[in-house]
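Report on the following structure.
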Amino acid sequence: MDKIKKYLAYNKSVRVLAVDATQMVQEIRDIHNLSNLATAAIGRVMIVATMIASTLKNKEDRLTVQVKGDGPLSNITVCANSNLDIKGYVTNPQVELPLNSEGKIDVSKGIGLGTLTVIKDIGLKEPYIGTCELLSGEIGDDFAYYFNVSEQTPSVVSVGVLIGKDGNVKHAGGYIIQPLPECKEEVIDRLESINIKLPHMTQLMSEGRNIDDIAKNATGDSDIETVYENECRVKCDCSQKRIESTIVALGKEDALNIYKENGKLEISCNFCNKKYSFNEQEIEDLFSKQEK
Ligand SMILES: [Zn+2]
Numbered sequence: 375m376d377k378i379k380k381y382l383a384y385n386k387s388v389r390v391l392a393v394d395a396t397q398m399v400q401e402i403r404d405i406h407n408l409s410n411l412a413t414a415a416i417g418r419v420m421i422v423a424t425m426i427a428s429t430l431k432n433k434e435d436r437l438t439v440q441v442k443g444d445g446p447l448s449n450i451t452v453c454a455n456s457n458l459d460i461k462g463y464v465t466n467p468q469v470e471l472p473l474n475s476e477g478k479i480d481v482s483k484g485i486g487l488g489t490l491t492v493i494k495d496i497g498l499k500e501p502y503i504g505t506c507e508l509l510s511g512e513i514g515d516d517f518a519y520y521f522n523v524s525e526q527t528p529s530v531v532s533v534g535v536l537i538g539k540d541g542n543v544k545h546a547g548g549y550i551i552q553p554l555p556e557c558k559e560e561v562i563d564r565l566e567s568i569n570i571k572l573p574h575m576t577q578l579m580s581e582g583r584n585i586d587d588i589a590k591n592a593t594g595d596s597d598i599e600t601v602y603e604n605e606c607r608v609k610c611d612c613s614q615k616r617i618e619s620t621i622v623a624l625g626k627e628d629a630l631n632i633y634k635e636n637g638k639l640e641i642s643c644n645f646c647n648k649k650y651s652f653n654e655q656e657i658e659d660l661f662s663k664q665e666k
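Under the numbering used here, read the sequence shown as residues 375 to 666, first letter to last.
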């Protein structure tokens, strides 16, 4: 099972989150039969979403991350709860693009220009919504910019998804470093200089380093303290009940027309592709329940 950890460094003045999400990204690839481009793009979003979700406090809290770009992938949606059940989908899951000039998957071009939105439903009347422009479409930079402008939290964000020649995910993971308000100026300078030189996340993982090693390397503090540890996974919480609302939104007439034309009314979950089918009687019952 994939693992996420939270650490404190430099005498509790720096917060670090790190996640190994290799299995999760492979799973989302398998569920949606994603291209390499789509796998890398949604994988990076899922990695950061998992780290943000680990900061949710209450059991019922929910997180949604939306990346809306004008590139060929179009939109990416990732949802998570505080139990770290993660689900997501890409509008155009099979799009592929040539590698970029560095020989890497061109996530930036796949996403394009647009917005990054983070919605936290934390049991208040209105959910917290933070949004910013996409800086590069590379996701790591975009989230760093988001934390800076939307949450006023300067952050280093590193994410990576490495896909093997066989199309399987070899390594996927990331880290976020956030100096807390009491952090000394010299520590911030040190963090910046380390992170400019630090190899890419997936390269560190390829060298066999676990997230503890990576957190130590990325901060330059070998005495980091682990303060939280949890498992994370891809898991959908869809149900017949939730899908019913989609049919109600269609309206009775349209729902019955689709049923008559196709001999069935089948709706699949966007997140996990599970199919839910309804017969004529069930459609009738659904709407008569609504009318009551
Ligand atoms: Zn589902």
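Glycine is no exception: its CB is placed at the ideal position from the N, C-alpha and C atoms. All values derive from a computational prediction rather than experimental measurement.
Residues bridged to residue i (per DSSP)
| i | result |
| --- | --- |
| residue 495 | 436 |
| residue 389 | 382 and 552 |
| residue 459 | 607 |
| residue 599 | 382 |
| residue 451 | 440 and 463 |
| residue 490 | 441 and 506 |
| residue 377 | 394 and 605 |
Check whether residue i and residue j have beta carbons under 7 Å apart
| i | j | result |
| --- | --- | --- |
| residue 593 | residue 393 | no |
| residue 543 | residue 418 | no |
| residue 556 | residue 448 | no |
| residue 610 | residue 645 | yes |
| residue 452 | residue 439 | yes |
| residue 523 | residue 490 | no |
| residue 657 | residue 624 | no |
| residue 471 | residue 454 | no |
Beta-carbon separation (whole angstroms), residue i vs residue j, contact threshold 8 Å
| i | j | result |
| --- | --- | --- |
| residue 383 | residue 598 | 5 Å |
| residue 481 | residue 460 | Their Cβ separation, rounded to whole angstroms, is 19 Å, which puts residue 481 and residue 460 out of contact at 8 Å. |
| residue 445 | residue 484 | 5 Å |
| residue 549 | residue 589 | 6 Å |
| residue 584 | residue 458 | Incorrect: roughly 18 Å between the Cβ atoms, too far for contact. |
| residue 496 | residue 587 | Their Cβ separation, rounded to whole angstroms, is 33 Å, which puts residue 496 and residue 587 out of contact at 8 Å. |
First through last residue of the beta strand (DSSP E) which encompasses residue i
| i | result |
| --- | --- |
| residue 502 | 502-507 |
| residue 537 | 530-537 |
| residue 545 | 543-553 |
| residue 639 | 639-642 |
Segment limits, alpha helix (DSSP H) that includes residue i
| i | result |
| --- | --- |
| residue 615 | 614-624 |
| residue 519 | 514-524 |
| residue 649 | Residue 649 -> not in any alpha helix (DSSP H); beta strand (DSSP E) instead, spanning 649-652. |
| residue 559 | 559-571 |
Contacting residues, own chain, Cβ-Cβ under 8 Å from residue i (five flanking each side not counted)
| i | result |
| --- | --- |
| residue 407 | 467 and 468 |
Own chain residues within Cβ distance below 6 Å of residue i, not counting five before or after
| i | result |
| --- | --- |
| residue 518 | 529 and 531 |
| residue 527 | 521 and 552 |
Own chain residues within Cβ distance below 7 Å of residue i, not counting five before or after
| i | result |
| --- | --- |
| residue 473 | 479 and 480 |
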